[in-house]
Structure formats: structure tokens, C-alpha cells
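Residue 236 is where the sequence shown ends in the numbering used here, and the numbering goes up by one at each step. The beta-carbon is built from N, C-alpha and C at its ideal position, and this holds for glycine as well. Take a look at the structure set out below.
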Amino acid sequence: MTLPLRAVIFDLDDTLFDDTGCTYAGLRALAAQSGLSVSPAELFARHAAHIRAIDPLLFRGELTAHGARVLRFTRLLTELGVPDPDGEAATVTYREAYRAAWAPLPGAADVLRDLRAAGLRLAVLTNYVREVQALKLAHFGLDTLVDAVLCVEEVPAAKPDPRAYHAACAALAVTPQEAVMVGDSWEKDVQGARRAGLRAVWVNRAGTTGPDPAVPVASRLADLPAALGVPVLTRG
């Protein structure tokens with residue numbers, strides 16, 4: 001028997017916050033500063049690979065968020081043939097452009113308000129550090145619209161480990177069967193949550209069906225309440 005829905009757990013980056021858009025903005029500034037001729041898509045992919053390689057050091061406390069950025073850009077620029085790259089200067093350039101482009105995804109605040117008004121408990125569960133993620137949430141006032149924020153250093157293991165979702169459910173005082181995970185990553189936000197006993201909604205801006213057509217898809221956040229069967233306020 002499916003229990004009534006009592007809680008919604010959100011991913012942050014590229015679910016509520018436009019991390020991809022900000023990253024492209026930062027990388028454009030870095031490419032201009034460094035005279036790089038690599039395509040934006042290739043630069044984004046190389047940058048993402050360095051994030052994946054360095055993040056474990058950050059999560060283990062061996063680097064600060066700033067130190068991780070300096071190492072990331074030193075390695076990235078070295079890989080791209082920039083002689084004697086200045087990782088500190090690259091970090092400043094990237095970070096200024098990234099911060100200037102900060103934006104929530106359209107409808108983020110409205111959907112949180114609608115779900116709260118419907119009586120649901122809300123959390124953010126993110127695979128990144130509080131030092132960074134709390135600033136994003138507070139900048140747009142999204143932190144005041146959720147009941148709990150769980151960052152990677154505050155859970156027993158990162159998504160898609162079942163313990164991450166169970167920690168979020170515990171923070172909201174609900175069972176996994178009473179919660180749904182909402183996010184853009186099929187593996188970390190959909191598959192992992194379902195293996196942990198939660199329901200899931202895939203945020204996919206292309207609007208295409210995922211590998212399992214039984215999983216609801218929201219191409220925009222405004223579609224989420226309907227995907228959850230939750231009534232919303234009429235605006236306008």
C-alpha cells in the first residue's frame with residue numbers, strides 16, 4: 001500500500017539552482033582571460049572531470065572549497081597547455097563570473113511555497129558542502145522555505161547511498177514511503193531514492209521520458225505539483 005505523501009526532498013544544483021548556467025558563465029570568463037580556444041562544451045566536460053577527481057579530497061576535509069577550486073583550475077589550465085597557470089587568479093576570475101550569473105531555476109520559490117501551503121514538509125539534500133550550498137539558498141531566500149538542509153558532510157554517505165535519503169527523511173520525521181525525491185540526476189536523485197524506498201520525480205528540462213516511464217518527469221518546476229498530485233495556488 002502506498003502511504004500518503006508527507007514530504008518532498010529536493011536536490012539543489014540544476015534542480016532549484018541553475019548551476020550549469022553559472023558554470024558556463026564562469027568558464028567563459030576563464031577562457032577569455034587565459035586565451036583558450038577550446039569549445040564551451042569541451043571546456044565544460046573537462047572542468048566537470050576535474051571536479052569529480054578533486055571533490056573526494058574536499059569531502060574528506062583535505063581541502064577547503066577555495067583550495068579545491070585553486071587545484072581544479074591549476075590542473076585544468078595545465079591540461080589545456082597554459083604555461084605556469086595561476087590557479088588563484090583563475091579562481092577569482094571564474095568565481096566572480098559564476099557568482100554574477102547566480103540564478104534560481106524558474107519557479108523555484110513558487111513551487112516551494114505551493115508545496116508548503118499544501119502541508120508538505122520540505123528538505124534540500126545535496127552532494128556538496130554547506131560552505132557553498134548554504135550561500136546559494138540564503139541568497140535567494142530559499143532556505144526559509146524548507147524545513148531542513150542536508151549537505152554532504154552532514155549525512156552518513158552521499159547520494160545515491162540509501163543512507164543519504166534516509167537521513168533526509170529522519171530530519172523531516174517521515175518514513176521513506178511517505179517521501180518523494182526530486183532532482184535532475186537519474187542515478188543520484190531517481191534511482192538511488194527509489195532503491196531507498198522513496199518515490200521520485202525526475203527534473204528533466206528536455207521533457208523526455210527517462211529509462212523507466214513509470215517515473216514522473218517535470219520539464220519545469222511549475223509542473224512539479226501536478227506530477228505529485230498536489231493542488232496549487234492560482235497566480236496572476
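*Exposed or buried, what is G183 when buried is set at 16 or more other beta-carbons lying within 10 Å of its beta-carbon?*
buried
*Given a threshold of 16 other Cβ atoms within 10 Å of its Cβ, counted over all protein chains shown, does R195 qualify as buried or as exposed?*
R195 is exposed by the Cβ-count criterion.
*asked:* Could you check whether the region 152-164 touches the region 209-216, counting it as contact only if at least three pairs of C-beta atoms, one from each stretch, sit closer than 8 Å?
replied: No, they do not touch.
*In angstroms with no decimal places, state the Cα-to-Cα distance between C169 and D189.*
C-alpha of C169 to C-alpha of D189: approximately 14 Å in a straight line.
*Within its chain, find whatever has a CB closer than 7 Å to the CB of V174; leave out the 5 residues flanking it on each side and keep chain order.*
Within its own chain, the residues whose Cβ lies closer than 7 Å to the Cβ of V174, once the five positions on either side in sequence are excluded, are R6, A7, R121, listed in chain order.
_Beta-carbon proximity check, A167 vs P156, cutoff 8 Å_ = yes
*Which residues in the same chain as L150 place their Cβ atom closer than 8 Å to its Cβ, once the five residues preceding and following it in sequence are excluded?*
A123, V124, L125, T126, A164, A167, A168, A171
*Would you kindly check if the distance between the Cβ of R116 and the Cβ of R95 is under 8 Å?*
no
*Drop a sphere of 10 angstroms on the beta-carbon of G192, count the other beta-carbons inside from all chains shown, and report buried for 16 or more, exposed for fewer.*
buried
*For M1, which of helix, strand or coil comes out of DSSP?*
Any reading at M1 is ruled out, since the residue's pLDDT is 43, under 50, leaving its predicted position unreliable.
*asked:* Just to confirm my understanding: we take D11, look at its own chain, exclude 5 residues before and 5 after, and list those with CB closer than 6 Å. What are they?
replied: G183, D189
*Where G229 falls, given that 16 or more other Cβ within 10 Å makes a residue buried*: It is exposed - the Cβ of G229 has fewer than 16 other Cβ atoms within 10 Å.
*Report the option in L30, D13, L36, V201 whose CA atom is closest to the CA atom of L135.*
D13
*Specify the secondary structure class of F140 as computed by DSSP and reduced to three states.*
coil
*Contact check, D18 vs L105, beta carbons under 8 Å*: yes
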